[in-house]
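Quick notes on the structure that follows.
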Amino acid sequence: MSISISLPDGSVRDFDSPITGFELASDIGLGLAKAAIAIEVNGQLSDISRVIDSDCEVKIITRKDEQALELIRHDAAHVMAQAVQELYPGTQVTIGPAIENGFYYDFAREEPFVPDDLEKIEVKMAEIVMADKPFFREVWDRAKALQTFRDMGEVYKAELIEALSDEEAISIYRQGDWFDLCRGPHLPSTGHVGKAFKLLKLAGAYWRGDSKNKMLQRIYGTAWRDPKELRNYLNQLEEAEKRDHRRLGREMDLFHFQEEAPGAVFWHHKGWALFRQLVDYMRARQEDAGYAEISTPAVMDRSLWETSGHWETFREHMYTTKTEDDRVFALKPMNCPGGIQVFRQGITSYKDLPKRIAEFGKVNRYEPSGALHGLMRVREFTQDDAHIFCTEEQIDEECRTVIDLIIDIYRDFGFEDVKIKFSDRPEKRIGSDLVWDRLEQALKGALEEIGRPFTLNPGEGAFYGPKLEFVLRDAIGRDWQCGTLQVDMSLPERFGAYYIGQNGQRQSPVMLHRALFGSLERFCGILIENYAGRLPLWLSPVQVVVCTITDAANDYAREVFKNLYDAGIRAETDIRNEKINYKVREHSQAKVPVLLVVGAKEIEKRTVAMRRLGGKSQEVLALSEALDTLKIECLSPLSAN
RNA sequence: GCCGCCGUAGCUCAGGGGUAGAGCGCACCCUUGGUAAGGGUGAGGUCCACAGUUCAAAUCUGUGCGGCGGCACCA
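Residue numbers (this note's numbering): 696 to 1336.
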């Protein structure tokens, strides 16, 4: 019997009998054998001790490889579990995978862990790592495994074993006296975890991710190849914290929240300036794209929500109010029912379709308290909503136009990386399966025609129709869901909306629901974080501050300001009795993109000293020249097109 | 909603069973200074709310509200 193993460099090695990964590495070189921590067999990561008994492609994994991180993290989870069980006897282990940037382990224990426990656990983990116990893999008989874990009182592990299919091997990994049910693979020994790990936070997590189940205690940690990488990562976390829109919102005087209005934004003048910019921009884009803007009531009678189906499918998220005369009203959680009422006025001919009706609608949704998060998840927000009423034949083109518009608009805000998710029928839905078939087909068809890649999100559609979601990636690699496009035949029918077809008969239109920013509030949050507060000039709440060197320049500063104001630039003057250093520092920290400094020299020559945010130096320009430059730079991308 | 942590000056935070603290900010005064903090003086607090324990509660206990980190949710 001979086995031939091909290596990544293209070479092939033949062996007379099965060999382990370690033996293979030794055969290649002693240095490699020393560095080897795992192998990849036909692309599948595996223990270094694994026996190779057939022809295959093998890659020896060392600490330098990307896969090493996954192993280190997974092993760190095991080491943590052992540490926890040694420190807190009676604690049950459940699952503990490697995740992006780290790992976690879920434990079942009556008493809660407290933050101080993390330090103790870390110390114990370090001991286990120092002990450098080898990981041994064992395959157990199902009955034995079940019995063993049950005897140990590990009911969650027993449940996991029961859930494993018959053909799946029940593997156990042992590290010293401690062992765990685990699919593997693992590093050669606990020592390989190294020192670059840190426990980060405690959290609750439902068993198997289901809120009907018991809540477990999760401990999150991070682990890296070496302390330098760890430090790097921790710095990254700090940096991310600095661009947190909630912190910047306060520092830049954009908005605030307070107890009496949980999940609702108090927009300050500067934040509102940003918000208004977004609305102005979108309004112009939509007008160009043939939309007509409307506005509909915030509070409407219950009967309308019963007709729309919201009362049935969405009620727990709706704010309602009962009036003196015993009528029940609801605060709108969506704009679509209102939009349909406008469409229903008068008689629409097929010649009038498509009708694109837009609304910057403020909606209120009673979100679970734990979901609230700054501007990103609120209970009251504004959608750049629109409803396109069209014929079934027009779905395709309208969808394609919307998709193009979204992509184009995101680009104007600096987001190039946009992903699309396609969601089909959910369990809780209205409308017949036949209609769902047609709508899903139509939406998917439009997407395919455009030729943009998309991923499938089964069962995640809206209750009235399938949808697309547009996910953009920000400057530090986080994904945000913003735009959405939904196809709907149910609501128009429910409300008896119709148009007169070519044959003179009433027809029910198709309704496309779409939002591009999604929530204006959230989009503001995303922009703030994406730019770390340094918004592009056209979006900046304060574009220019005119700073004086001494109060002899006050009049000139006012004149410069007047010029800026007349040019439509959002400007302020700073004529306080402070040194220029102080003013520069303060406005720089407030992320003002342009400072114009004026003193005696500038007055005399009618110039300004322009300093840009982040710049080290300044440029002295004639006032008129500075105005011309700024006028152009402050324009929104709209005018540039 | 669930688990854990937290709530003290405008902000960031220290303290802690018996007159409430710092830095920054703010006000006033001095200073008119050329590109990331000039100096001095001063004002500012129902220590989240309610209940309980106690001679005495900002401090301990409970409940509520809110925030933070996760989980679940995001139609």
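Here a beta-carbon is modelled for each residue, glycine too, at the ideal position from N, C-alpha and C. Bear in mind the structure is a predicted one, so any value in this text is a computation, not a measurement.
Output needed for Q1202: all residues of its chain with C-beta closer than 8 Å, excluding positions within five of it in sequence on either side, in chain order. Within the first sequence, numbered from 1, the residue matching residue 1202 stands at position 507. Taken in chain order, the residues that qualify are Y1045, T1086, Y1193, Y1194, I1195, G1196.
Within a Cβ cutoff of 7 Å, which residues of the same chain sit near A935, ignoring the five residues on either side of it in sequence? Working through the first sequence from its first residue, we reach residue 935 at position 240. So the qualifying residues of the chain are I1171.
Rounded straight-line distance, which links the Cα of A1252 to that of K1300: By 1-based counting over the first sequence, the position of residue 1300 is 605. By 1-based counting over the first sequence, the position of residue 1252 is 557. Taking C-alpha positions only, K1300 is separated from A1252 by approximately 14 Å.
State the DSSP-derived secondary structure class of K1257, mapped to helix, strand or coil. Numbered from 1 along the first sequence, position 562 holds the residue referred to as residue 1257. K1257 falls in the helix class under three-state DSSP.
How far does the beta strand (DSSP E) with Y1193 in it reach, from first residue to last? In the first sequence, the residue the question calls residue 1193 occupies position 498. Segment: none, Y1193 is in no beta strand (DSSP E) and carries neither H nor E.
Distance between beta carbons of I790 and E835, contact taken as under 8 Å: Counted from its first residue, the first sequence places residue 835 at position 140. Counted from its first residue, the first sequence places residue 790 at position 95. According to the sequence shown, residue 835 is Trp rather than Glu. About 18 Å separates the two Cβ atoms, so there is no contact after all.
Given a threshold of 16 other Cβ atoms within 10 Å of its Cβ, counted over all protein chains shown, does T917 qualify as buried or as exposed? In the first sequence, counting from the first residue as 1, residue 917 sits at position 222. Around the CB of T917, 16 or more other CB atoms lie within 10 Å, so the residue is classed as buried.
CA-to-CA distance, F808 to R1189, given in whole angstroms: In the first sequence, counting from the first residue as 1, residue 1189 sits at position 494. In the first sequence, counting from the first residue as 1, residue 808 sits at position 113. Computed Cα separation, rounded: 52 Å.
If I follow the unbroken beta strand (DSSP E) through Q870, where does it start and stop? Stepping through the first sequence from its first residue, residue 870 is reached at position 175. Q870 -> beta strand (DSSP E) spans 865-870.
Euclidean distance between Cα positions of K893 and S884: By one-based count along the first sequence, residue 893 stands at place 198. By one-based count along the first sequence, residue 884 stands at place 189. Taking the straight line joining both Cα atoms gives about 19 Å.
Between which two residues does the beta strand (DSSP E) containing A731 stretch? If you number the first sequence from 1, residue 731 lands on position 36. Looking at the DSSP string, the run of the beta strand (DSSP E) that includes A731 is 731-736.
If you draw a straight line from the C-alpha of E817 to the C-alpha of L740, how long is it? To locate residue 817, count along the first sequence from 1; it is residue 122. To locate residue 740, count along the first sequence from 1; it is residue 45. Straight-line Cα distance between these residues: approximately 28 Å.
Mind checking V1279: buried by the 16 CB within 10 Å criterion, or exposed? As a working mapping, residue 1279 is identified with position 584 in the first sequence. Flag for V1279 reads buried.
Cβ-based neighbour list, E849, same chain, cut-off 7 Å, excluding 5 preceding and 5 following: For the purposes of this step, residue 849 is taken as the residue at position 154 of the first sequence. Correct list, in chain order: Q787, V788.
Between the Cα of R1217 and the Cα atoms of T991, F1256, Q1176, P1204, which residue gives the shortest distance? Numbered from its first residue, the first sequence carries residue 1217 at position 522. It is Q1176 whose Cα lies nearest to the Cα of R1217.
Taking the C-alpha atoms as reference points, what is the distance between R913 and K815? Translated into positions along the first sequence, residue 913 becomes position 218. Translated into positions along the first sequence, residue 815 becomes position 120. Using only the alpha carbons, I get a separation of about 16 Å.
Contact set for L1151: own chain, Cβ-Cβ below 6 Å, skip 5 residues either direction: Here the question's residue 1151 lines up with position 456 in the first sequence. Taken in chain order, the residues that qualify are F1117.
Using the rule of at least 16 other Cβ atoms within 10 Å of the residue's Cβ for burial, across every protein chain shown, is P992 buried or exposed? Counted from its first residue, the first sequence places residue 992 at position 297. Exposed.
Using C-beta distances below 8 Å, list every residue in its chain close to S1185, excluding the 5 sequence neighbours before and after it, in chain order. Against the first sequence, residue 1185 aligns to sequence position 490. Only G1004, I1125, G1126, V1130, Y1159, G1160 meet the Cβ criterion.
Which partner residues of M775 appear in the DSSP bridge assignment? Within the first sequence, residue 775 is the residue found at index 80, counting from 1. According to DSSP, which records beta bridges pairwise, M775 is partnered with nothing at all.
In the DSSP assignment, find the beta strand (DSSP E) that holds K1114 and state where it starts and stops. Here the question's residue 1114 lines up with position 419 in the first sequence. Segment 1113-1118, the beta strand (DSSP E) holding K1114.
Looking at C-alpha atoms only, which residue of F1108, R1147, G1140 is the closest neighbour of R1168? One-based indexing of the first sequence puts residue 1168 at position 473. Nearest option by C-alpha distance: F1108.
C751 - partner residues in DSSP beta bridges: The residue you call residue 751 lines up with position 56 of the first sequence. DSSP, once it has assigned bridges, lists I700 as partnering C751.
Going by DSSP, what residue range makes up the alpha helix (DSSP H) through C1031? For this step, residue 1031 is matched to residue 336 along the first sequence. C1031 -> alpha helix (DSSP H) spans 1031-1039.
Do D921 and G886 count as a contact pair if the criterion is CB distance below 8 Å? Stepping through the first sequence from its first residue, residue 886 is reached at position 191. Stepping through the first sequence from its first residue, residue 921 is reached at position 226. No, they are not a contact pair.
At the level of alpha carbons, what is the spacing between L929 and Y915? Within the first sequence, residue 929 is the residue found at index 234, counting from 1. Within the first sequence, residue 915 is the residue found at index 220, counting from 1. So the two alpha carbons sit approximately 14 Å from each other.
What would DSSP say about F717, mapped onto helix, strand or coil? By one-based count along the first sequence, residue 717 stands at place 22. Looking at F717 - three-state DSSP - the assignment turns out to be helix.
Where the beta strand (DSSP E) containing G1134 begins and where it ends: Counting from one through the first sequence, the residue named residue 1134 turns up at place 439. For the sequence presented, residue 1134 should be read as Leu rather than Gly. Taken as a continuous stretch (DSSP letters only), L1134 belongs to no beta strand (DSSP E), being part of the alpha helix (DSSP H) at 1128-1145.
With a floor of 4 residues, list each alpha helix (DSSP H) that falls wholly inside the segment 871-953, ordered by position along the chain. 922-937, 940-946
Give a yes or no on contact between the segment 1051-1063 and the segment 976-988, applying the rule of three or more CB pairs nearer than 8 Å. yes
Please classify Y1277 as buried or exposed, where buried requires at least 16 neighbouring CB atoms within 10 angstroms. Position 582 of the first sequence, counting from 1, holds the residue named residue 1277. Under this definition Y1277 is an exposed residue.
Going by DSSP, name the residue or residues bridged to H1082. Position 387 of the first sequence, counted from the start, is the residue given in the question as residue 1082. According to DSSP, H1082 bridges with I1052, H1208.
Assumed close pair A1266, Q1284 - CB separation to whole angstroms, cut-off 8 Å: As a first step, residue 1266 must be located in the first sequence, where it is residue number 571. As a first step, residue 1284 must be located in the first sequence, where it is residue number 589. Not quite, the Cβ-Cβ distance comes to about 18 Å (not below 8 Å), so this is no contact.
Please report the straight-line C-alpha distance between S697 and F831, rounded to a whole angstrom. What you label residue 697 is simply residue 2 of the first sequence in a count that begins at 1. What you label residue 831 is simply residue 136 of the first sequence in a count that begins at 1. Spanning the two alpha carbons is a distance of roughly 27 Å.
F1165 beta carbon less than 8 Å from that of L1113: The residue labelled residue 1113 in the question sits at position 418 within the first sequence. The residue labelled residue 1165 in the question sits at position 470 within the first sequence. In the sequence under discussion, the amino acid at residue 1113 is Val, which differs from the Leu named in the question. In this structure, F1165 lies closer than 8 Å to V1113 by Cβ.
With C-beta atoms as the reference, is N1030 less than 8 Å away from D1080? Numbered from its first residue, the first sequence carries residue 1030 at position 335. Numbered from its first residue, the first sequence carries residue 1080 at position 385. Yes; because the gap between Cβ atoms is below 8 Å, this pair is in contact.
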